[in-house]
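>
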Amino acid sequence: RPDWEWCKVNGCYNNKRKNPHKHFFSVPKPNTDAKAELAKRWLHIIGTKYTFETFPFGRNSVVCEDHFTPSCYERDLRNELMGSRPKRRLKPDAVPTEFHQRKSLDGRRQGGSVTKTNQSTVIIQ
Ligand SMILES: [Zn+2]
């Protein structure tokens, strides 16, 4: 399949074609030491199969807006004052923090907080 800018978060299946109204943010490119540290944090958090060395940094390596809280964004005062929708721009040190358990509830595994019992799947909060 074409790599159509899928969200790289483990267990998230959003992409730009299916979710044209969502914002997608590129994983920070490690072109400085500080950015490299930030990129490592992102990769650790999103649970990708790639390592820092093998991750395909670039336009198609994105994380969707579902994984960010409002405090991750720069304020867009101009659009706020004019009453239009603020542009979504991440703060320079923002990292994704929101990982919903929804995928686990419908039977798919995500992350390390799910344990199987004989009867059912138990989610430990
Ligand atoms: Zn996502």
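Position one of the sequence shown corresponds to residue 1 (the working numbering), numbered consecutively onward.
Beta carbons are placed, not taken as given, at the ideal position from N, Cα and C, and that holds for glycine.
Going by Cα to Cα distance, which pick from F99, A34, D33, R17 is closest to F68?
The shortest Cα separation from F68 among F99, A34, D33, R17 belongs to F99.
> Spatial neighbours of H21 within its chain, please: C-beta separation below 6 Å, excluding the five flanking residues on both sides.
Here the set comprises nothing.
> According to DSSP, is K16 part of a helix, a strand, or is it coil?
K16: coil per DSSP, three-state reduction.
> What are the residues that DSSP puts in a beta bridge with V62?
The partner list for V62 (beta bridge, DSSP) reads C7, S26.
> Out of N10, E65, A39, D93, point me to the one whose CA is closest to G58's CA.
Measuring from the Cα of G58, the nearest candidate turns out to be A39.
> Is the closest heavy atom of ligand 1 to the C-beta of G72 under 6 Å?
It is Cys, not Gly, that sits at residue 72 in the sequence shown. Incorrect: C72 has no Cβ contact closer than 6 Å to ligand 1.
> Between which two residues does the alpha helix (DSSP H) harbouring D33 extend?
Run containing D33: 33–46, per the alpha helix (DSSP H) assignment.
> How about V9: is its Cβ closer than 6 Å to a heavy atom in ligand 1?
Yes, since a heavy atom of ligand 1 falls inside the 6 Å radius drawn around the Cβ of V9.
> Between the Cα of D76 and the Cα atoms of D66, C64, L90, which residue gives the shortest distance?
Of the listed residues, the one whose Cα sits closest to D76 is L90.
> Examine ligand 2 and report whether any of its heavy atoms sits within less than 6 Å of the Cβ of N14.
Among the ligands present in this structure, namely ligand 1, ligand 2 is not found.
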